[in-house]
Structure formats: C-alpha cells, structure tokens
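Residue numbers (the working numbering), protein chains in the order written: chain V, 74 to 280; chain W, 802 to 1294; chain U, 5 to 266.
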C-alpha cells in the first residue's frame, strides 16, 4: 500500500514534470536609510495606540516603576518578570525562578508583566520577542493584561528583512505590533481582545 | 455548529438572492469600502510596492516549482525538532488524523485558531461526529459559529454581519456553549470584543489540545508561522499541551529569509496595517515553552491538481490576504455565500475549480462570476493574474462540454459568431440582417435613448430579456460602418 | 506611416458614428487612415467566454487583415487589450507557430485611440470643441490591461468649451464584462446601477468613455432611469469642432449613431 506521503509526493512530481524548477529570483527591495531610526520606531509603535516613552539607561528602573504605577491600581497588583531580566522590578514574581513557572490559571491572576525584547522594527513599529533571557516563556507575555516591554535603542533595525537577519529561527518568536486588536466587526479596528490590552514600550537610549 | 455549503446553487442564482438582501448589500459596501481605503493608504506609503510584489511572487513561485524538495526538507526539519509530521491526501484523511490525536488525549473539546485549511476540510463537523467540540476563537469565526452561519470572507468570515446583528447573536447563543454575554451588552465593537474575551478565556485556560493552520512553513528550519490580530492565535499556540497544525502543502517557503517580502506584503494587503498585532513562529517543540507535543498535517486535498495546471498553478501562490475580495465589484455586491465555498471572491472563483476540477455546475459557474475588470490582479500582493486564470478556466469548462450530444445555446451562438467573424463578407451579411432585425426589435419595446437614438426597451426571449430587463438597448443602425466606408469611399465621396 | 483603423465588431455593427469620428479626427491631424475591409473582430467574445477553438480562425482573420501596417488604431481599450494580451494565448491553443509569429508581429502595433494620439502623434490638443458638462469613466481594460493612465483626461482637458467633472468611484467596473452582462445579468445591473448613480451625482450631461460596449451598458441603465444623461464615445468628442455646431438644438449632436431621432 502506498502511503499518503509517497502518493502526495508522486502527485507533486507528476504535476511539475517538464516545469522549470528555478524561476527567476526577484530580490526584495530595501527601504532607504531612516535618519532618526529610534524616533521612527517610537512613532510607529505609538500609532498602534501603544504607550511609548524613551529614557536614559540610568533611569530605566524608575521609568518601569512609573509605568507600572500608571497602569495598575494604586499600591496593588501583581507583576511577573522572566528569569534573567537585566534590571530590577521590586516586588515582582520571577517566573520559573524555582520550578516550572506559573500555570495559565496563575498567570490569569497576574496584573502585569515586564520583559525585554530581541529586536525592534522601525518601519512597522514591531517588537520581536524570541523568548530568551529577560523575555521569558511565551505564556507570561500573553495572559496578563498589561505588558511593559523594554527595547534598547541598539536593538532597533530599519525593516523586516533586517530583523529576520538578526533572529534565530529555531527559537519561538512573538512579533508584537501594538496591543491586541480586531477589525472583525465592520472592519472597524478596536484595540483589546485576548492579548494584553495595554502595551507600554520603554525605549532605552544608549549612554 | 456551522452550516455547510453542500448543495449550493450556481453563482447567478445564489447571487440573485444575495443582491436582494439590502442589509447584506449595505454591510458589504461599508466594510469593503473601509478596508479598501485603509489598504490604499498603507500600500501608498511603500515606495517600491511593485518590486515588493514581484519579490513576494518570486518566493512563492520558487517554492512551488520545486515543491517536492521543499516538502521533504520541511518534514526533515520538523521531525528533527521534535514534531510529528502527517500527510493527508484529502479532507477525510486530514480530519481522521486530527480526531485521532484528540482521542489519544481523551479530550472532548479543542480550541481553534482561525484557519482556512480546516474550514476547507470541514474539520469542525468531522470532530463533532467523534463527539469532540471545536471552539472557534477568532472573533469573526466565533460570530459565524454562534450564529450557525457560513463564512463569507477569507479574512473576516462574518463581514456580512453588522454590529447590531453580532450583539443579537452573542446574547442569544453564548450562554448555551459557555459564559453568557453580559445582559447589558451594547453594539459598540469594543464592548462586543470584550464580551468575546470573557467568553473565550475559560476555554483557553482549560484547553488541552489546540488546532491551527499556518500562514507559512519554512522548509529550511521547520518553522511554522501564524499571522493574527487578536491574540487568540497566541493563546491556542501557547497554552495547550498539544498542538495540531493543518498546513496546505503550498504554504511552504524555502528559507527563513524568504518570509521577508511576505510578512511585509500580507498585513498591508489584508487588514491595511503596516504590521498585524501578533505573529507567532514556532519550530517543533521548545522544551519548557508552549505545547510539548506538536503535530503537523501536510494537506493535499486538490492542491496537486492545481499544481498540474500550467496557467492555474499561480493560484497556489495565494497568501489568503483577501485583498482581491475587498477590491472585487462582484464580491462587494453579492457577498461570499454566493460562491458556495469557504474560498469566495475572485481567488475562490479560481481556487475552487482548480482544486476540485471542473464539471460540476456550481463549480463551473464560478469562473464566470467576474466582469474581468482586473481589480483583483491589481491588488494581489503575489501577483496572481486572476483574470488570466479565470479565462483559462472558462475554456476548461467549455472544453468539458465539447462532447455534449445537445450543445448549449451559447456554444451554438459562439460557433455561429466564429463563422461570421472568420470572413468579413459573412460579417457584412450579418450586419445587413441586424439592421433589419433592429427595426423589428425596436417595435417590440420601442423607446428613445437620451440624445435621440431609437432603442429597444424590455423585450422577451433568452439573452434579450437578460439585457433589456433593466437596460435599454440601442437599435442597430441602418448602415454599418463597413457599408458606409464602401458606399462613400471612406467618407471621401 | 501606414495606419489602419480597427473599428471593432461592436462599433461596426452598432456604433458606426464612432468609427466615422476616428476617421475625421485622424484626417484632421494629417493621418490618412485606412480601413482594411477584411477585418472582423478581435475574438474577445469567444476568448472571454472560454471558446478558444472558435477564437482561432477569428484571430487568423485579424492578423491577416492587419498585416503590413505600421500602426493599428482602435476606439476600444478592451479590443486593444484583447489583441495585445490574448492573441498569443489563442495562437498557443492553435499550436500553430506561423500564427504565433504573425500575432507577435501585429500585437505590439495595436494602439487604443488615446495612446495613438498622445504617444504616437504626440498631441493632447486635437482642436476639438464640445461645450458640455462631461464626466469620464475610465474603462477597466483601458485602465488596468493597457494602462492608458491620464491620456484620455489630458485629451478631454484640451477640448474647448468642455467642463470635465470628476466621477466618484471612477475606477470601479461598470459591470458590463462582455457575456457577463447576460450570464450574470443581476450582478451586472447592480454594478451598472451604482455606476449610473455616481454619474448622476456629477450633474454631468454627458458620460464619456473609450469603450462603446461599457457605454451601451451604463447608457442603457441611465436611459431606463430617464436620467437625462447621454453617453458619448471619446472619439466623437475629440472629432467634434465648432464647424459641427448647429445640430437640432444648436449643439453638436454627437452620439446619435445610427437612425438618429428620425
């Protein structure tokens, strides 16, 4: 008996018999250099109705604390951070510090998450998480309703092809462009469905 | 559970009913108008959009032309990364594989990411027969599922519903399958979206098995990609223990870098955004993160039939953006149900006959459901020349009837026209006859066009009635151009 | 330069005034246009309905009729598109290398009228006079298959007395579509009704386009609505001059093809 695999591959072979297997390539165009790359990135992220602010490296912890205070009910709210975050978030639960990490149900009771990122894409206002150190498992940036994400200026690249070149495809990735949104009702975009409804991006300038 | 397209009438009949639905006409005109404007704005800001389209088409074309190599490579990469690869020749085989995985884990429900492939194979209905509930989690799919309705658009399956209808569906149906909608639900899209969030969250948090499709599958690395907006995709791809992805074999791209033109083309063409809110990629199993059991079902179900068609092959480049639906003047007026398939609109008018083959009256009506205006080709991010394929498929439909013992009236008319048009003298006789017939014709439904020319109003008979039911027809002139030229030596005498 | 008029079957049989207008216009511009009497049709009705075998002898007649000319001018975007983009397909179907070679020779020489005027003759002011409020519908095949762009507009803008008003949703198809108009008559009429509504919104007296088939469809809807808008082919406006003025109402009455008001 032929397997489905063999039969499908045989059909493919037969369908393409006599067809030139190497059609001409057409290299994708690249955008012209962006003069203010980080500023462009910040503008584009903001366009999705994310909150964007820029700070100096020395002010990072204070900026993140202020961001959390802004989005959480005064003096309350639980915050989760991934293992390996390069700065301190006082009072936060560290996911996976001891054991397998929080369950989905536990994460559902967490109010906010703070992470870093792998790459920022200026042209599209996209943050890419590759879920390495300082970014955590995919679930922690998904289930809590508020995401504070720290992107360093040197992580910002002009466009999608530059981002792909910096990323390791074997890692799981999440490309985030603004808060969760839908256009499913009358093609009218509204923010806030299943992913974090608040996205707060902190861009750290070098120095 | 949603309904089925089985037994749909041919396009002209289905379209007639849709055209009479004033609410549908209004909803579609509003929604497609909105999305066309958004797309035009974000496409307009990309200076080298045409070059990007060429690059996108080239990536997909390269993958298709050497499909066996890339499929084998994809299987190897996936297997090396801990995924289980299955192959499915048709819908039944694919459904059986998914049901088996679900049964192996003893579940009676799965959560689903919006996926055209699973719609195409009727997975939800097949799982229901196994006693397994498949919960659609995309907002529009949820609206369709709760409304016991059929999808009418590739990107926004509930495009035919407006906010008031969505509210009614949520109030009526959510409670019977989970958390009910709040009693004070309004028809604000943001409020409706919040209700969907509350309704689905309990399902996401408890689900053991998820089912998805994939927008792209990278052969080189075994990476699967899902492009979405709401985060329901991330929920399904991240929280359950087991993930089954049903992936059409045409979704393969050779390398990770090849994702570039496609990830730039898709969101701008689809939702009219620079980038969609969420894109997830995963490569087999990642220890400690996401599903620890990953299955990929590589689906044929007619794709190799389309691949074998030299003109039609390009349809497999489709990345399911829906730009052609939104641009299509026919789709805008009839909506998606008239196409009788989960793939409606211009792309559906070619994909269905290419994948199913011609010969069935409903399928055969689809290539004719177009005025060949070319708006679809103009917006297609991977440059599928849909009008070219439509004309090609029309010829396949015609060729399929060449052996008929009683030829169709249209075939007789075309043969007669070919006879007349093959020799200018014969055409001259026909024109003389038409001048005479014109006078008879105008007597049947005499009217006058603005400007004064005589015309035919409503006149009976097939063809004539189809035209003159709503349009006056100018009367043929007494003298054809040809006769005038001969009589006057081209106006010189 | 030997220039042939490809009048098209629709204009030959239904709209001879359009063909006559092209002849007058080109002669005024110094082109002695010929009418090869062997011509019939571009074969588009057969091709677009799927009757490729039936199209083969028609394309053969086409290339025979127009062999040896330097340019073939036609007052139809759709038929020019058919000759330029579909004849190759028909020749391949015939499996006849001789026909394919003839098509390759003829196809590139086919010009839609506005292309010929602007690109070949290099004129945008053809000396026309047409004192009416006019709106222009760019037909799909001229727009998307040929890419005539703003050539017709530029020609119209240089017509004395003519007030050109923008047509809303101008680039949407009118719904004619050849046999689509009868095979899917309901959808075709729905599209035509929307086009007619946009035309009425402009307050124009005349709807102009480069294809009489599309005008026959939209004009048929407008007429049935008693909308008070007439349809006129681009060639007839460009051919009109002050010397033509003085028709029944003191205006050049172009667009009265055939029997007229008699």
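Ideal Cβ positions, reconstructed from N, Cα and C, are used throughout, including at glycine.
Helix, strand or coil at residue i [DSSP, three-state]
i	result
residue 111 of chain U	helix
residue 1096 of chain W	strand
residue 185 of chain V	strand
residue 191 of chain V	coil
residue 5 of chain U	coil
residue 236 of chain V	helix
residue 1010 of chain W	strand
residue 1275 of chain W	strand
residue 1223 of chain W	coil
residue 1171 of chain W	coil
residue 248 of chain U	helix
residue 960 of chain W	coil
residue 177 of chain U	coil
residue 1187 of chain W	helix
residue 145 of chain U	helix
residue 262 of chain V	coil
residue 818 of chain W	helix
residue 1289 of chain W	helix
residue 1042 of chain W	coil
residue 38 of chain U	strand
residue 976 of chain W	helix
residue 179 of chain V	helix
Selected residue, minimal CA-CA separation from residue i, among the options
i	options	result
residue 1120 of chain W	W:1071, W:848 and W:1256	W:1071
residue 219 of chain V	V:187, V:118, V:160 and V:244	V:187
residue 270 of chain V	W:1004, W:991, W:987 and W:1047	W:991
residue 106 of chain U	U:65, U:126 and U:77	U:65
residue 968 of chain W	W:954, W:855 and W:983	W:983
residue 1047 of chain W	W:1126, W:919 and W:1132	W:919
residue 223 of chain V	V:155, V:108, V:169 and V:150	V:155
residue 1259 of chain W	W:1252, W:1253 and W:1248	W:1248
residue 1090 of chain W	W:1067, W:1074, W:960 and W:1043	W:1043
residue 1009 of chain W	W:896, W:1093, W:838 and W:1158	W:1093
residue 1200 of chain W	U:133, U:50, U:192 and U:222	U:50
residue 206 of chain U	U:179, U:182, U:141 and U:241	U:141
residue 159 of chain V	V:174, V:86, V:117 and V:133	V:133
residue 995 of chain W	V:96, V:272, V:144 and V:258	V:258
residue 204 of chain U	U:45, U:155, U:47 and U:232	U:232
residue 1276 of chain W	W:1285, W:1146, W:1177 and W:1238	W:1238
Residues bridged to residue i (per DSSP)
i	result
residue 155 of chain V	V:168
residue 1090 of chain W	W:1087
residue 219 of chain V	V:185 and V:271
residue 1075 of chain W	According to DSSP, residue 1075 of chain W bridges with nothing at all.
residue 1280 of chain W	Residue 1280 of chain W pairs with nothing; no bridge assigned.
residue 1019 of chain W	W:1024 and W:1054
residue 237 of chain U	U:213
residue 278 of chain V	V:129
residue 1081 of chain W	V:247 and W:1027
residue 202 of chain V	V:247
Check: residue i C-beta below 8 Å from any heavy atom of the ligand MG
i	result
residue 1202 of chain W	As far as ligands go, the structure on display features none, and thus does not contain the ligand MG.
Going residue by residue through the stretch 898-928 of chain W, where are the continuous alpha helix (DSSP H) segments of at least 4 residues, counting only ones entirely within it? 917-921
Going along the stretch 1258-1269 of chain W in order, which residues come within less than 7 Å of chain U, judged by CB to CB distance? 1264, 1267 and 1268
Cβ-based contacts, 8 Å cut-off: residues of the stretch 1219-1238 of chain W near chain V: none
Can you list, in chain order, the residues of the stretch 76-95 of chain V whose Cβ is nearer than 8 Å to any Cβ on chain W? 76, 77, 78, 80, 81, 82, 84, 85, 86, 87, 88, 89, 92, 93, 94 and 95
Quick one, which residues of the stretch 942-958 of chain W are near chain V if we go by CB-CB under 8 Å, in chain order? 944 and 957
Complete runs of the beta strand (DSSP E) confined to the stretch 823-896 of chain W [at least 3 residues]: 885-889
Where the stretch 1050-1067 of chain W meets chain V: residues whose CB sits under 8 Å from a CB there: 1050, 1057, 1058, 1060, 1061, 1062, 1064 and 1065
Return the residues of the stretch 967-999 of chain W that lie within a Cβ-Cβ distance of less than 8 Å from chain U, sorted by chain order. none
Selection of the stretch 1177-1209 of chain W by Cβ proximity to chain V, strictly under 7 Å: none
With 9 Å as the C-beta to C-beta threshold (strictly closer), list the residues of the stretch 1075-1093 of chain W near chain V in chain order. 1075, 1076, 1077, 1078, 1079, 1080, 1081, 1082, 1083, 1084, 1085, 1087, 1089, 1090 and 1091
Taking a Cβ distance cut-off of 8 Å, strictly less, list which residues of the stretch 180-207 of chain V are near chain W, in chain order. 181, 194, 196, 197, 198, 199 and 204
So if I threshold CB-CB distances at 8 Å, which residues from the stretch 807-824 of chain W count as touching chain U? 812, 813, 816, 817 and 820
Using a Cβ-Cβ cutoff of 8 Å, what residues of the stretch 1157-1175 of chain W are near chain U? List them in chain order. 1168, 1169, 1170, 1171, 1172, 1173, 1174 and 1175
Given a limit of 7 Å on CB to CB distance, which residues of the stretch 887-898 of chain W reach chain V? 888, 889, 890 and 894
Which residues of the stretch 143-165 of chain U have a Cβ closer than 7 Å to any Cβ of chain W? Give them in chain order. 144, 148 and 149
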